[in-house]
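Numbering (the numbering used here), first residue to last: -14 to 334.
Note that beta-carbon positions come from the ideal geometry of N, C-alpha and C, so glycine has one too.
Treat the numbers as computed from the prediction; the structure is a model and nothing was measured.
See structure below.
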Amino acid sequence: MPTEKKEKTVRRLSSVILEYLLLSAAVSLFSFLFLYTTSESISSVYLLRQDIMLTEVQESVFLLWLRSICGAAAIFIFIVLFLFMLGQRLSYLITIAKGIDRLRENKMNYNIPLEGNDELTVLAGNINYLAASQREIQRREEEMKNEREAWVRSLSHDIRTPLTSMLSLTEFMRDKESVSHEEIRSYIELVYNKCQQIRELTSQLMDRKDCSLENVEDLGFLFAQLAQEWSGILEERFSCTVDLSKLEHFDGRVDICSLHRIMDNLISNTEKYAPPDSSVSLAIQSEGHRILLIQKNEKRETWGAPPESHKIGLDNIRQIVALYNGKAETADTERAFEIRITLHIPPAL
-14 MPTEKKEKTV RRLSSVILEY LLLSAAVSLF SFLFLYTTSE SISSVYLLRQ DIMLTEVQES
46 VFLLWLRSIC GAAAIFIFIV LFLFMLGQRL SYLITIAKGI DRLRENKMNY NIPLEGNDEL
106 TVLAGNINYL AASQREIQRR EEEMKNEREA WVRSLSHDIR TPLTSMLSLT EFMRDKESVS
166 HEEIRSYIEL VYNKCQQIRE LTSQLMDRKD CSLENVEDLG FLFAQLAQEW SGILEERFSC
226 TVDLSKLEHF DGRVDICSLH RIMDNLISNT EKYAPPDSSV SLAIQSEGHR ILLIQKNEKR
286 ETWGAPPESH KIGLDNIRQI VALYNGKAET ADTERAFEIR ITLHIPPAL
């Protein structure tokens, strides 16, 4: 930035005032000479026409009186002119003071007009720069605040999702008249996995950890487990179909917690909007290091107020998918809902 150049071209306020002083003095001196010579010439012509002869003493007194009047007029012109020019800069100082008041009233949302090229102008420019810096700091703080609140809402929603799944399964197991040993072990395994997930999410909420990718040797097996968990939570209340025919085995780097969050949001969306005992399908396909998840479900008919939704689940999915340079597309009709999630998995290191 040409800061040094600006400093070289900026005039000092004292030199500006001295310039006003010299200019006023020159104008007043010219005025004195002009008035004196003009008045002397006019008076000489007048006395000559009137045939009035002045003695040497009278002429000296007359000239002294004439010089006094012209000197007083020159001094008056000097004072008026100097104060006028100085007042222009002093009025700009008042403008700066009023601008500071407006900055305080408008929360730094104001710019003081720049006039002239002296130290007062530099002062106004520096105040504008500080105000702009403060506005930028406030904007960034507001962005960070909104981002932090959105991040907390997102994780809070994802923490509640596995809790809801655990509660639904617990109610199902409680209401069953008889529970087999296999069902108990399956339920305990699911609860254990959900508790681990809640602990990880809580740790992220407390420490605000970023996504941590880890090498996974068989992502096909991992996504098959996620699909099995998805089916295990929903199959008692819905007619679930899982298609893994196009899922291949390959390695890659993923954040397992984020994949659990995607599946939990899909489960939550189904539980919230799909009618009981309706068909729900999940297909997971792979092509190279690209994963495609497709979930389809029917939509329940609503009477009165629709189910509460802030679209946090879909927003969470889109945020997670963005970490994998993917996308989440939805097709929402009156009777059905479909979501297609594409993930680009980086290869393992």
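Residues near residue i by beta carbon distance below 7 Å, same chain, minus five either side
i      : result
Leu71  : Ile2 and Tyr5
Phe67  : Tyr5, Leu6 and Ser9
Gly391 : The question about residue 391 has no answer here: the residues shown for the chain are numbered -14 through 334.
Leu229 : Ala209, Ala212 and Ile269
Arg303 : Ala313
Ser0   : none
Pro260 : Glu283 and Arg285
Cβ neighbour criterion (16 or more within 10 Å) applied to residue i
i      : result
Ser29  : exposed
Thr255 : buried
Cys180 : exposed
Ile173 : exposed
Phe322 : buried
Pro102 : The amino acid occupying residue 102 in the given sequence is Asn; Pro does not appear at that position. Answer is exposed; the Cβ neighbour count stays below 16.
Thr315 : exposed
Close-in-space but distant-in-sequence residues of the same chain around residue i (CB under 8 Å, 5 per side omitted)
i      : result
Leu105 : Leu(-2), Arg74, Tyr77, Leu78 and Ile81
Val201 : Leu207, Asp236, Gly237, Arg238, Val239, Ile241 and Ala333
Ala58  : Ser16, Phe17 and Leu20
Pro291 : Confidence at Pro291 is low in this model, with a pLDDT of 49, below 50, so the placement of that residue is unreliable and no value is reported for it.
Selection from the options that minimises the alpha carbon distance to residue i
i      : options                           : result
Ile241 : Lys281, Gln280, Leu198 and Glu283 : Leu198
Pro98  : Leu108, Ser266 and Glu44          : Leu108
Val227 : Ala209, Glu233, Leu244 and Phe47  : Ala209
Leu154 : Gln119, Glu121, Val176 and Val137 : Val176
Cys225 : Gln280, Tyr172 and Ser271         : Gln280
Leu51  : Arg34, Thr23 and Asp36            : Thr23
Pro147 : Asn250, Arg89, Gly205 and Phe69   : Asn250
Thr318 : Met129, His234, Tyr258 and Glu126 : Tyr258
Chain-order list of residues whose beta-carbon lies under 6 Å from that of residue i (same chain, five-residue window excluded)
i      : result
Ser294 : Only weak support is given to the placement of Ser294: the predicted model assigns it a pLDDT of 49, under 50, and the value that follows is read from those uncertain coordinates. No residues qualify anywhere along the chain.
Trp288 : The pLDDT assigned to Trp288 is 49, lower than 50, so where the model puts this residue is not dependable; a value taken from the coordinates is nonetheless given after this. There are no such residues.
Residue-level contact to chain D via CB, residue i, 8 Å cutoff
i     : result
Ala58 : Absent here is chain D; the protein component of the structure consists of one chain.
Rounded distance between the beta-carbons of residue j and residue i, thought under 8 Å
i      : j      : result
Ile218 : Ser150 : 5 Å
Val39  : Leu32  : Per the sequence presented here, residue 39 reads as Leu, with Val not at that position. Contact holds; Cβ gap of about 7 Å.
Leu267 : Trp215 : 6 Å
*So, do the segment 82 to 102 and the segment 112 to 126 have three or more beta carbon pairs nearer to each other than 8 Å?*
yes
- Query: How do the segment 323 to 334 and the segment 267 to 282 stand: do at least 3 beta-carbon pairs fall below 8 Å, yes or no?
  - Reply: yes
With three or more beta-carbon pairs closer than 8 Å as the criterion, would you say the segment 166 to 173 touches the segment 297 to 314? no
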